[in-house]
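Trainee: Per numbering that gives the first Met the number 0, the very first residue in the sequence shown carries number 0; after that it's consecutive.
Input: one structure, supplied below.
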Amino acid sequence: MASFPSSWPCGVVLALLCSLFLLGLASSNVYIVYMGERHTDEPNLLEDSHHQILSDILGSKESAKESILYSYKHGFSGFAAVLSQSQAKLIADVPEVVHVVPNRILNLHTTRSWDFLQVKPQIVDGILSEGHSGLGTIIGVMDTGIWPESESFKDDGMGKFPSRWKGICQEGNRFNRSHCNRKIIGARWYIKGYEAEFGKLSPSDGIEFLSPRDAVGHGTHTSSTASGAEVKNANFRGLAQGIARGGAPSSWLAIYKVCWATGGCSSADLLAAFDDAIFDGVDIIFWAHHLHFQLTLMMRWLLVLSTL
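Shown next, in the form of structure tokens:
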């Protein structure tokens with residue numbers, strides 16, 4: 000049986016459990032419900048089971064439909080939903096549930112990745128050449144999106160993506176299917192968890208794009224660092240001129256936008272992207288977020304499950 004931390008006084012919790020009316024009035028937040036390994040290969044059956052658990056707690060299928068944000072059904076079983084703390088505690092007591100954690104807003108990090116990996120800058124005699132510069136590999140990047148017009152994402156010399164690829168090129172504000180190519184073979188964006196915490200995000204203010212398009216540059220930077228094609232005569236205002244390339248310039252890119260210019264990345268959105276990436280067929284998942292301890296343990300478990 001799952002455990003769920005609570006800082007509320009015992010009397011308050013008991014009162015809420017005894018009154019559906021008070022349950023409905025309690026303040027709501029996003030919670031992630033983790034149910035462990037999938038027990039069926041049918042995604043629709045898993046999704047139905049998630050809705051049934053919510054229906055049993057909330058009292059109706061309509062309430063469950065309004066509450067649920069994501070149903071995780073490819074790499075693991077679970078869901079994200081808007082719940083009160085007492086509702087989350089009731090779900091945590093369901094035998095099929097392993098753990099319930101609150102959604103968290105994560106921060107982006109950038110580090111000296113290649114120094115950490117001890118990758119030599121010379122591509123001719125190091126791990127890059129031994130790995131054929133990532134040829135045949137699909138890298139999934141979970142960040143702020145991508146600016147597809149960058150020279151780093153030109154598809155000259157790239158072959159057609161493999162038949163095992165199941166991803167999509169999701170359209171949105173200033174991004175359509177034509178922005179995917181033989182380099183960027185897929186793009187998705189996730190905002191339900193973020194908007195459940197902060198309210199609707201409007202692109203009309205010019206700060207953000209409701210699409211895979213990058214508004215801040217961080218995702219474009221990390222994507223080019225991981226997989227950017229060779230760009231000659233790269234420089235900063237005429238200084239440090241040379242050749243820029245990513246660590247695996249021959250790899251394909253799949254973009255999963257989970258972070259937003261107006262403030263952070265929802266862990267519920269990140270898990271949805273992770274679940275889709277497993278279904279899509281990525282080989283490597285790249286993210287640059289600071290994960291909370293509970294979410295770190297969950298992500299490690301999901302990585303193990305996805306390789307089985």
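All residues carry an ideal CB built from backbone N, CA and C; glycine is no exception.
The structure presented is a predicted model; accordingly, all values stated were derived computationally and were not measured.
Going by DSSP, which residues form a beta bridge with Ala80?
Mentor: For the purposes of this step, residue 80 is taken as the residue at position 81 of the sequence shown. Answer by DSSP bridge pairing, in chain order: Tyr30 and Ile67.
Trainee: Determine, using beta carbons only, whether Gln86 and Ile56 come nearer to each other than 8 Å.
Mentor: The residue labelled residue 86 in the question sits at position 87 within the sequence shown. The residue labelled residue 56 in the question sits at position 57 within the sequence shown. A contact, by the Cβ cut-off of 8 Å.
Trainee: Can you give me the start and stop residues for the beta strand (DSSP E) that Asp268 sits inside?
Mentor: Locating residue 268 in the sequence shown gives position 269, counting from the first residue. Where Asp268 is concerned, there is no enclosing beta strand (DSSP E), although the alpha helix (DSSP H) it sits in stretches over Ser266 to Asp279.
Trainee: Is Leu53 helix, strand or coil when you go by DSSP?
Mentor: Here the question's residue 53 lines up with position 54 in the sequence shown. Correct three-state label for Leu53: helix.
Trainee: Give the range of the beta strand (DSSP E) segment to which Ala243 is assigned.
Mentor: By one-based count along the sequence shown, residue 243 stands at place 244. Residues Leu238 to Ala243.
Trainee: Do Cys168 and Gly185 have their C-beta atoms closer together than 8 Å?
Mentor: Looking up residue 168 in the sequence shown gives position 169. Looking up residue 185 in the sequence shown gives position 186. Inclusion of Cys168 and Gly185 in the CB contact set at 8 Å is warranted, their separation being smaller than that value.
Trainee: Looking only at C-alpha atoms, which of Tyr69, Leu82 and Val281 sits nearest to Gly338?
Mentor: This structure does not reach residue 338, given that the chain is present from 0 up to 307, and the question cannot be answered.
Trainee: Check whether the Cβ atoms of Gly166 and Asp279 sit closer than 8 Å, and answer yes or no.
Mentor: Indexing the sequence shown from 1 puts residue 166 at position 167. Indexing the sequence shown from 1 puts residue 279 at position 280. In this structure, Asp279 lies closer than 8 Å to Gly166 by Cβ.
Trainee: Would you call Lys256 buried or exposed, if buried means 16 or more other Cβ atoms sit within 10 Å of its Cβ?
Mentor: Working through the sequence shown from its first residue, we reach residue 256 at position 257. That one is buried.
Trainee: What residue range is occupied by the uninterrupted alpha helix (DSSP H) comprising Lys165?
Mentor: If you number the sequence shown from 1, residue 165 lands on position 166. Taken as a continuous stretch (DSSP letters only), Lys165 belongs to no alpha helix (DSSP H), as it is neither H nor E.
Trainee: Going by DSSP, what residues sit across from Cys258 in a beta bridge?
Mentor: Position 259 of the sequence shown, counted from the start, is the residue given in the question as residue 258. Per DSSP, Cys264.
Trainee: When you compare only the Cα positions, how much space is there between Asp275 and His73?
Mentor: In the sequence shown, counting from the first residue as 1, residue 275 sits at position 276. In the sequence shown, counting from the first residue as 1, residue 73 sits at position 74. Approximately 7 Å, taken between the alpha carbons.
Trainee: Could you tell me which of Lys159, Ser70 and Gln51 sits nearest to Glu61, measuring between CA atoms?
Mentor: Taking the sequence shown and counting its residues from 1, one reaches residue 61 at position 62. Measuring from the Cα of Glu61, the nearest candidate turns out to be Gln51.
Trainee: Tell me the rounded alpha-carbon separation between Thr221 and Gly58.
Mentor: Position 222 of the sequence shown holds residue 221. Position 59 of the sequence shown holds residue 58. For Thr221 and Gly58, the distance between alpha carbons rounds to 44 Å.
Trainee: Along the chain, where does the alpha helix (DSSP H) containing Gly192 start, and where does it finish?
Mentor: Residue numbering aside, residue 192 sits at position 193 when the sequence shown is read from its first letter. Lys191 to Phe197 is the span of the alpha helix (DSSP H), which, as asked, contains Gly192.
Trainee: Using the three-state DSSP reduction, which class does Lys60 fall into: helix, strand or coil?
Mentor: Within the sequence shown, the letter at position 61 stands for residue 60. Note: Lys60 maps to helix in three-state DSSP.
Trainee: Figure out for me which residue from Phe78, Ala253 and Gly158 has the closest Cα to the Cα of Glu36.
Mentor: Position 37 of the sequence shown, counting from 1, holds the residue named residue 36. Checking every option, the nearest Cα to that of Glu36 belongs to Phe78.
Trainee: Does the segment 261-274 touch the segment 236-251, meaning 3 or more C-beta pairs lie closer than 8 Å?
Mentor: no
Trainee: Might you give, ordered along the chain, the residues of its own chain that have their beta carbon closer than 7 Å to the beta carbon of Asp154, omitting 5 neighbours on each side?
Mentor: Indexing the sequence shown from 1 puts residue 154 at position 155. Hits under 7 Å: Asn180, Arg181 and Lys182.
Trainee: On a Cα-Cα basis, can you pick out the residue from Ile31, Gly171, Asp268 and Ser83 that is closest to Pro330?
Mentor: Limits of the chain in this structure are 0 at one end and 307 at the other, which puts residue 330 out of reach.
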